[in-house]
Amino acid sequence: MTPRDLRDLVPPEPMEIILDAVEAARPGDTLAFVLPHFPTPLLPLLEPCGVRYHSELSGDGGIIFHIERL
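The sequence shown maps to residues 1 to 70 in UniProt numbering.
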């Protein structure tokens, strides 16, 4: 899966895209997004969604944020 690059978008658009994708995902689906930094403000909004997430460095100064719908 190629992560969707959201680095050039203006807030809150990346957060809205991620939340919409999580809402549309089915259990077992995995999503990935490239972001300029760790999305700390997004975490409380993900908690009630039934997801697991982790991040890794993208190698070019950003992160890849992985989300799995449980």
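Where a beta carbon is used, it is the ideal one built from N, C-alpha and C, also for glycine.
In this text the structure is predicted, and so the values were computed from the model without any measurement.
One or two residues paired with I63 in a DSSP bridge
L35 and L57
What first and last residue would you give for the alpha helix (DSSP H) that runs through V22?
E13 to A24
To the nearest angstrom, how far is the alpha carbon of E56 from that of L35?
10 Å
Cα-Cα, which of Y53, R69 and F65 is closest to L14?
One detail in the question is off: residue 14 reads as Pro in this sequence, not Leu. Nearest option by C-alpha distance: F65.
If you count every other CB in all the chains shown that lies within 10 Å of the CB of G62, and 16 or more means buried, which is it?
buried
Burial state of P12, where buried means 16 or more other Cβ atoms lie within 10 Å
exposed
Taking only three categories from DSSP, how would you classify T40?
helix
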